[in-house]
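A.B. asks: Below you will find the structure I want to go over with you.
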Amino acid sequence: MSSINPKQVSRIAELANLTIEPATLDETTAGLNEVLTFVEQLQAVDASGIEPTSQVTGLIDVLRDDVVIRSPISRDELLKRSPHHTDGQIVVKRVLK
Amino acid sequence: MTAYLTIKEAREALEAGSITARQLVQSHLDQIDKVDDAYKIVVSRMDERALEQADSIDARRNSGEELGPLAGIPFTAKDMFLIEGTQTTAASQILKDFIAPYSSTAITKLEAAGAICIAKVNQDEFGHGASTENSSFVTTRNPHDVERVAGGSSGGSAAAVAARIGIFSVGTDTGGSSRQPAAFCGVVGMKPTYGLISRYGVIAMASSLDTIGTLGNSVDDVSLVCSIMAGQDAHDATTIKLDNYDFSKRQTKPPRAAVIKQYMENLEPEIKYSYEQAFEKLRQAGWEIGEVSLDTVSSALPAYYILTPAEISSNLERYDGIRYGSSDDAPDLTSVYRHTRGKYFGPEAIRRILTGTYVLSAGYYDAYYKKAMQVRTIVRKEFDTAFKKFDIIIGPTAPTVAFKVGENSNDPIAMYLADIMTVAANLAGVPSISIPLNGPHDLPLGLQLMSAQKNDAGLFSAAERAETDLATKLKEITL
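Chains as they are written, first to last, in the numbering used here: chain Y, 3 to 99; chain C, 45 to 523.
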């Protein structure tokens, strides 16, 4: 189960929106296989019927009043951090052809 | 050389008027000039801002105003903490020019108490590592031996405290990132109960495990800083409510303590000897120390290295080259994302994103992610059972002293093993602290103490007692 090939790694990279240089693909694959082999030892633990834990302090459904809270940070201040922006909007490459 | 080791000493001097806040802050800025070429701790300096804040504290003190408990105390922050108007990089090329638009709650609270941030310090990129060798800028050196790492990921914070750059430092701790570097650098490092301190404005690594760490030169200092940052925050829904945030009370009796059996197995003899001597010293000081077996604790590390990459792959999705951060040009939108992320994330961040994406993908989810969450439940329950019988459980913080720079950097698993004794506290959400011990070759080790969730006050009490009873004197660093 734990072995993964360069083709699969390329597919995972696509899913994660990452380019992996072809020259480093084999090295990346080897590193990933080492990690997967390491975590494989979990399969020896019998956890059948055990509830999974995703939150440790027991908080459930933390809600606040359903009111609009204005951000103290201005639109301009946030837009300044975008590499490409104009007229109060972020510019991206054309999506629809 | 900066004259005051602890907050308490510095505060007394400031209150007595034997030093001004400006002089104190300046002396710590001078220390950066003096030692940082050797240790490579600082990512960005905040001289002007810090001196302005110091002048304001001095003026308020002169006018007789009552000041906060940290008035005029210089500190450093791991480069994960947003401070409005200043550079915050997470030691990553993808954020190398990022200027924070707001401040984290933790920093806001420290500044309201009068503390003065003098510099942002180095770390592994996004907290991924145990040595700062994964910083995209520089590797921080251990002030006890510059051939060795400072630990990580909050290695800059631990080295800063050891090298007297700031009197304390704030870091993060997702799997040991404040405690392990504290152990390597001979300082105190603490992770609180999950949710005790707001993470608003602190760059996320693995959200179900991330906590805010504090590093300092004494348990008393760390407990004071932690109590100031603690509390519920509307901006972080995971923050918890405690009845009492004052961690300065100390219990009169030694705690019921137990050594974790599994943590003492497979240690090198000279390391094991150091710990056994420490336990003996505590017994002589009146501690009753039993033994506790946590049968599944050895599975905590593989579970951690499934859960953490899974959460990292999700948390790092936001770095897309569009809204903020570094960006690479490409002919279409998807290629902008892919080239930006491939170019500006370092190798370990990429490894964790890929691992996380894989373990969460259809067909593998049950075998990896769900299984790790189930193991997390078993680990939690073992801790719950242990804390019914004992107040405190103790053991090493890390299995070794600080390793040499480069020793583990080409072997991801060897690097992951540096966290083997710290990750369980994060999986269980319990508070944990590392205090210094003498190790072999004049290098420091850390003694780790853990208590039940929300018993942070009890943990500080026990740790201060251990600090007093052990009276560790590390070999002095030549700065």
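Glycine residues also receive a C-beta, built at the ideal position from the N, C-alpha and C atoms.
1. Can you check whether the C-beta of C:H172 is within less than 7 Å of a C-beta belonging to chain Y?
2. Going by alpha carbons, who is nearest to C:S379 out of Y:N7, Y:V11, Y:V69, Y:L17?
3. Mind checking if C:M124 is an interface residue toward chain Y, Cβ cutoff 7 Å exclusive?
4. If you follow the beta strand (DSSP E) that C:I160 is in, where does it begin and where does it stop?
5. What are the boundary residues of the alpha helix (DSSP H) that C:E53 is part of?
6. Just reading off the alpha helix (DSSP H) that C:P313 is part of, what are its end residues?
7. What in chain C is Cβ-close to Y:P8, meaning under 8 Å?
8. According to DSSP, is C:R185 part of a helix, a strand, or is it coil?
9. Compute the Euclidean distance between the alpha carbons of C:V263 and C:G502, then round it to the nearest angstrom.
10. Excluding the five sequence neighbours on either side, which residues of its own chain have a C-beta within less than 8 Å of the C-beta of C:R289, listed in chain order?
11. In this structure, what does DSSP give as the bridge partners for C:K285?
12. If you measure from the beta carbon of C:M417 to each beta carbon in chain Y, is any gap under 7 Å?
13. If you count every other CB in all the chains shown that lies within 10 Å of the CB of Y:L98, and 16 or more means buried, which is it?
14. Go through its chain and collect everything with a Cβ distance to C:M45's Cβ below 6 Å, but skip five positions before and after it.
15. Could you check the C-alpha separation between C:Y349 and C:S405 for me, to the nearest Å?
16. Could you tell me whether the Cβ of C:S371 comes closer than 7 Å to any Cβ of chain Y?
17. Pairs of beta-carbons, one from the region 365-383 of chain C and one from the region 444-461 of chain C, closer than 8 Å: are there three or more?
18. In the structure shown, what three-state DSSP assignment does Y:H100 receive?
19. Counting only Cβ-Cβ distances shorter than 7 Å, please list the residues of the region 40-70 of chain Y near chain C, keeping chain order.
20. Where does C:R223 land, buried or exposed, given buried means 16+ other C-beta within 10 angstroms?
21. Measuring only between beta-carbons, confirm whether Y:G33 sits less than 7 Å from chain C.
22. Jot down the residue ranges of each uninterrupted alpha helix (DSSP H) in the region 439-496 of chain C, minimum 4 residues, whole runs only, in chain order.
23. Across which residues does DSSP place C:P375 in a beta bridge pair?
24. Thinking C-beta only, is C:A472 closer than 7 Å to C:V423?
25. Taking the DSSP output, what are the residues bridged to C:F125?
26. Distance cutoff 7 Å, beta carbons only. Does C:D428 sit that close to anything in chain Y?
27. Among all the DSSP beta bridges, which residues are the ones paired with C:D217?
28. Taking one C-beta from the region 123-136 of chain C and one from the region 246-257 of chain C each time, how about it: are there three or more such pairs within less than 8 Å?
29. What is the residue span of the alpha helix (DSSP H) that Y:V37 lies within?
30. Return the first residue and the last residue of the alpha helix (DSSP H) that Y:S12 is part of.
31. For C:G195, name the three-state secondary structure that DSSP assigns.
32. Tell me the rounded alpha-carbon separation between Y:N19 and C:P391.
33. Just mark Y:S56 as buried or exposed, buried being the case when its beta carbon has 16 or more other beta carbons within 10 Å.
34. Return no unless some Cβ of chain C is closer than 7 Å to the Cβ of Y:V93.
35. C:E332 bridges to which residues according to DSSP?
36. Can you list, in chain order, the residues of its chain whose CB lies under 7 Å from that of C:F504, leaving out five sequence neighbours each side?
C.D. replies: In short:
1. Locating residue 172 of chain C in the second sequence gives position 128, where the first residue counts as 1. Chain Y, which has no Cβ nearer than 7 Å to the Cβ of C:H172, makes this no.
2. Here residue 379 of chain C refers to the residue found at position 335 of the second sequence. Minimum Cα distance to C:S379 is reached at Y:L17.
3. Numbered from its first residue, the second sequence carries residue 124 of chain C at position 80. It does not: the Cβ of C:M124 has no partner Cβ on chain Y nearer than 7 Å.
4. Counted from its first residue, the second sequence places residue 160 of chain C at position 116. Element bounds for C:I160: 160-165.
5. Start at 1 with the first residue of the second sequence, and residue 53 of chain C comes out as number 9. 51-60 is the extent of the alpha helix (DSSP H) around C:E53.
6. Position 269 of the second sequence, counted from the first residue, corresponds to residue 313 of chain C. 313-328 is the extent of the alpha helix (DSSP H) around C:P313.
7. Reading the first sequence from its first residue, position 6 is the one you call residue 8 of chain Y. Near Y:P8 there are no residues of chain C at all, since even the closest Cβ is about 12 Å away, more than 8 Å.
8. Here residue 185 of chain C refers to the residue found at position 141 of the second sequence. Of the three classes helix, strand and coil, the one that applies to C:R185 here is strand, per DSSP.
9. As a position in the second sequence, residue 263 of chain C is number 219, starting the count at 1. As a position in the second sequence, residue 502 of chain C is number 458, starting the count at 1. Each residue's Cα considered, the two are about 12 Å apart.
10. As a working note, residue 289 of chain C is residue 245 in the second sequence. It should be pointed out that residue 289 of chain C corresponds to Tyr in this sequence rather than to Arg. If we look at C:Y289 and ignore the five residues flanking it on each side, its Cβ neighbours are S271, A274, G275.
11. Start at 1 with the first residue of the second sequence, and residue 285 of chain C comes out as number 241. DSSP, once it has assigned bridges, lists no residue as partnering C:K285.
12. On the second sequence, residue 417 of chain C is found 373 positions in, with the first residue counted as 1. Yes - at least one Cβ of chain Y is within 7 Å of the one on C:M417.
13. Here residue 98 of chain Y corresponds to residue number 96 of the first sequence, with the count starting at 1. Its Cβ having fewer than 16 others within 10 Å, Y:L98 is exposed.
14. One-based indexing of the second sequence puts residue 45 of chain C at position 1. Any answer about C:M45 is weak, because its pLDDT of 49 lies below 50 and its placement is not dependable; what the coordinates show is given next. Cβ neighbours of C:M45 beyond the five flanking positions: none.
15. Walking along the second sequence from the start, residue 349 of chain C turns up at place 305. Walking along the second sequence from the start, residue 405 of chain C turns up at place 361. Distance between the alpha carbons of C:Y349 and C:S405 is about 16 Å.
16. The residue labelled residue 371 of chain C in the question sits at position 327 within the second sequence. By this cut-off, C:S371 is an interface position.
17. Segments in contact, no.
18. There is simply no residue 100 of chain Y to check, as chain Y begins at 3 and stops at 99 in what is shown.
19. F40, V41, Q43, L44, V47, A49, I52, E53, P54, T55, S56, Q57, V58, T59, L61, V64, R66
20. Numbered from its first residue, the second sequence carries residue 223 of chain C at position 179. Answer is buried; the Cβ neighbour count reaches 16.
21. For the purposes of this step, residue 33 of chain Y is identified with residue 31 of the first sequence, where counting begins at 1. With 7 Å as the cut-off, Y:G33 counts as an interface residue toward chain C.
22. 456-461, 467-472
23. The count along the second sequence starts at 1 and reaches residue 375 of chain C at position 331. C:P375 is not bridged to any residue.
24. Position 379 of the second sequence, counted from the first residue, corresponds to residue 423 of chain C. Position 428 of the second sequence, counted from the first residue, corresponds to residue 472 of chain C. The answer is yes: Cβ separation under 7 Å.
25. As a first step, residue 125 of chain C must be located in the second sequence, where it is residue number 81. Answer by DSSP bridge pairing, in chain order: C:V246.
26. Here the question's residue 428 of chain C lines up with position 384 in the second sequence. Answer no: the Cβ-Cβ gap between C:D428 and chain Y never drops below 7 Å.
27. Along the second sequence, read from residue 1 onward, the residue named residue 217 of chain C stands at position 173. Checking the DSSP bridge columns, you'll see C:D217 partnered with C:T255.
28. yes
29. The count along the first sequence starts at 1 and reaches residue 37 of chain Y at position 35. Counting along the chain, the alpha helix (DSSP H) containing Y:V37 begins and ends at 27-41.
30. On the first sequence, residue 12 of chain Y is found 10 positions in, with the first residue counted as 1. Run containing Y:S12: 8-17, per the alpha helix (DSSP H) assignment.
31. Within the second sequence, numbered from 1, the residue matching residue 195 of chain C stands at position 151. Coil, per DSSP.
32. One-based indexing of the first sequence puts residue 19 of chain Y at position 17. One-based indexing of the second sequence puts residue 391 of chain C at position 347. Rounded to whole angstroms, Y:N19 to C:P391 spans 15 Å at the Cα level.
33. Here residue 56 of chain Y refers to the residue found at position 54 of the first sequence. Counting Cβ neighbours within 10 Å, Y:S56 comes out exposed, since fewer than 16 surround it.
34. In the first sequence, the residue the question calls residue 93 of chain Y occupies position 91. By this cut-off, Y:V93 is not an interface position.
35. Translated into positions along the second sequence, residue 332 of chain C becomes position 288. C:R300.
36. On the second sequence, residue 504 of chain C is found 460 positions in, with the first residue counted as 1. Answer for C:F504: V263, S267, F291, listed in chain order.
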